[in-house]
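Residue numbering for the sequence shown follows the working numbering, beginning at 22 and increasing consecutively. Glycine included, C-beta positions come from ideal geometry on N, C-alpha and C. Nothing here was measured: the structure is a model prediction, and the numbers come from that model. To start, the structure itself, in structure tokens.
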Amino acid sequence: MIPTTMRLFLLVAVLWEPSAAFHSLGGVGYPLLSPSTRTASTSTSLTMVLDRLFPSLQSKSDQQTIQSNENGRDPEYPWCFTGRLWFRPALVRVQDSNTQALEDSGIISVLNLFGYTVGGTVALEYDTSPVGPYREYVSMGALVACAKGGMIGQWGSRLYVSTKTAEEICQQVWAVPAEVADIQFAENSQSLKVECAPDPLDLSTNTKKKIEVTGWSNTRVSDPDAPVRGGLPILWTPTIKALWVKLLPRFLAPLAQETELGGLNSVPVHKLRLSASSLRLQFCGQEPSDVLGIPLGIGLSVDNVLIEIGREEGVL
């Protein structure tokens, strides 16, 4: 289980910060966004709560399975993903994003103006991951803030993956409420565009959701052996599918330890590190719709992205 304005573009329009560290195309270089996130089943959620409350009850086989999925290049980041992504920001109505659960938490606030917030779409293709290649599609639901951690971020309302093994590792290792969907990225088109997308408010499970993105060849702009640069640090709360940037230093807004909150209402926080070979801004011809919102006219494609996930750092 990933987006100053362009980091919030990577955190879906949350912080712009041109970076000379990245190799840019067309004279434009920016920092990145991250990996990665269905409502988990009741039994899965209960198992996760029990494991967090009584870690000694977790079976050795489960622990071995989790450990065997670690493929990181750095001991501080046990899991890594490589591939490419495309982020298309849009204005979406708060009432269409199912944000009530976030507001009810008392931890997170949804940032909006006249009932609209910043959402959009993130499409990712992983060449390598702890469970091999797969595709991912995230419906970004809102721009959010967390006073407790002094953070601003982007919340994903639904996260879809193309394989069952990807769904399982998301749910079992990071407690990401991922769900399997039929995700197709078509190469043969002139522009990147979402042709078919699921309604984030559709909670039915009787049929597999269908997702299609065209123009995917436009994301392939780097040599596979090109060096990656950046190492942009952000935070990730997988259980609620949100990416964060801290606006305050840690000593002013520290993360809580799980024991302080009892482990039941807390939201686990992981650190992420994002690098890439190239980034490109592209005009987007997406038409407005109830499902996709009002596109902002541009998108960001990132090739040879390296997403590294650290262990739990604390809780909100």
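Please state if the CB of residue 293 and the CB of residue 330 are separated by a distance shorter than 8 Å. Mapped onto the sequence shown, residue 330 falls at position 309. Mapped onto the sequence shown, residue 293 falls at position 272. Going by C-beta atoms, residue 330 is nearer than 8 Å to residue 293.
Residue 130 in three-state terms, based on DSSP: Position 109 of the sequence shown, counted from the first residue, corresponds to residue 130. Note: residue 130 maps to strand in three-state DSSP.
Take the Cβ of residue 157 as the centre, count every other Cβ of all protein chains shown within 10 Å, and call the residue buried at 16 or more, exposed below. Working through the sequence shown from its first residue, we reach residue 157 at position 136. Residue 157 counts as buried, since no fewer than 16 other beta carbons sit within 10 angstroms of its beta carbon.
Leaving aside the five residues before and after residue 174 along the sequence, list all residues of the same chain whose C-beta is less than 6 Å from its C-beta, in chain order. Indexing the sequence shown from 1 puts residue 174 at position 153. For residue 174, where only same-chain residues beyond five positions count, the Cβ hits under 6 Å are 32, 165, 263, 264, 265.
How is the beta strand (DSSP E) around residue 302 delimited, first residue to last? Within the sequence shown, numbered from 1, the residue matching residue 302 stands at position 281. Per DSSP, residue 302 is one residue of the beta strand (DSSP E) stretching across 299 to 304.
Buried or exposed for residue 219, please, with buried defined as at least 16 other CB atoms from any protein chain shown within 10 angstroms of its CB. Locating residue 219 in the sequence shown gives position 198, counting from the first residue. Buried is the call here.
Proximity of residue 122 and residue 140 at Cβ, strictly below 8 Å: Reading the sequence shown from its first residue, position 101 is the one you call residue 122. Reading the sequence shown from its first residue, position 119 is the one you call residue 140. Going by C-beta atoms, residue 122 is not nearer than 8 Å to residue 140.
What residues match up with residue 223 in a beta bridge as DSSP calls it? As a working note, residue 223 is residue 202 in the sequence shown. Beta-bridge pairing links residue 223 to no other residue.
Tell me whether residue 185 sits in a helix, a strand or coil according to DSSP, three-state version. As a position in the sequence shown, residue 185 is number 164, starting the count at 1. Judged by DSSP in its simplified three-state form, residue 185 adopts helix.
Measuring only the C-alpha atoms, how far is residue 283 from residue 167? Your numbering for residue 283 matches position 262 in the sequence shown. Your numbering for residue 167 matches position 146 in the sequence shown. Note on residue 283: pLDDT 39, under 50, position unreliable in the model; the coordinate value appears next. Taken atom to atom, the span from the alpha-carbon of residue 283 to that of residue 167 is near 19 Å.
Taking residue 101 as the reference, which of 152, 245, 185 has the closest Cα? Here residue 101 corresponds to residue number 80 of the sequence shown, with the count starting at 1. Ranking 152, 245, 185 by Cα distance to residue 101 puts 152 first.
Look at the Cβ atom of residue 188, then the Cβ atom of residue 201, and state whether they are nearer than 8 Å. For this step, residue 188 is matched to residue 167 along the sequence shown. For this step, residue 201 is matched to residue 180 along the sequence shown. Going by C-beta atoms, residue 188 is nearer than 8 Å to residue 201.
Any contact between the stretch 308 to 321 and the stretch 190 to 197? By contact I mean 3 or more CB pairs, one from each, below 8 Å. In short, these stretches do not touch, since the Cβ pair count stays below three.
Note down the Cα distance separating residue 291 from residue 185, rounded to an integer number of angstroms. Indexing the sequence shown from 1 puts residue 291 at position 270. Indexing the sequence shown from 1 puts residue 185 at position 164. Answer to the nearest angstrom: the Cα atoms are 23 Å apart.
Cβ separation of residue 234 and residue 144, assumed to be a contact under 8 Å, to the nearest whole Å: Counted from its first residue, the sequence shown places residue 234 at position 213. Counted from its first residue, the sequence shown places residue 144 at position 123. About 5 Å; that satisfies the 8 Å criterion.
Per DSSP, which residues does residue 314 bridge with? Please list them. In the sequence shown, the residue the question calls residue 314 occupies position 293. Under DSSP, the beta-bridge partners assigned to residue 314 are 310.
Please report the straight-line C-alpha distance between residue 129 and residue 245, rounded to a whole angstrom. Along the sequence shown, one-based indexing puts residue 129 at 108. Along the sequence shown, one-based indexing puts residue 245 at 224. When only Cα atoms are considered, residue 129 and residue 245 end up about 39 Å apart.
Out of 310, 334, 301, 232, point me to the one whose CA is closest to residue 258's CA. Residue 258 sits at position 237 when you count from the first residue of the sequence shown. It is 334.
If you follow the beta strand (DSSP E) that residue 164 is part of, which residue opens it and which one closes it? If you number the sequence shown from 1, residue 164 lands on position 143. Run containing residue 164: 155 to 167, per the beta strand (DSSP E) assignment.
Reference residue 319; option with closest CA among 212, 267, 125: Mapped onto the sequence shown, residue 319 falls at position 298. Looking at 212, 267, 125, the one whose alpha-carbon comes closest to that of residue 319 is 212.
With a threshold of 16 other CB atoms inside 10 Å of the CB of residue 307, please say whether the residue is buried or exposed. On the sequence shown, residue 307 is found 286 positions in, with the first residue counted as 1. Buried: at least 16 other Cβ atoms inside 10 Å.
Residue 98 to residue 255, Cα distance in whole Å? Here residue 98 refers to the residue found at position 77 when the sequence shown is read from its first residue. Here residue 255 refers to the residue found at position 234 when the sequence shown is read from its first residue. The C-alpha of residue 98 lies about 13 Å from the C-alpha of residue 255.
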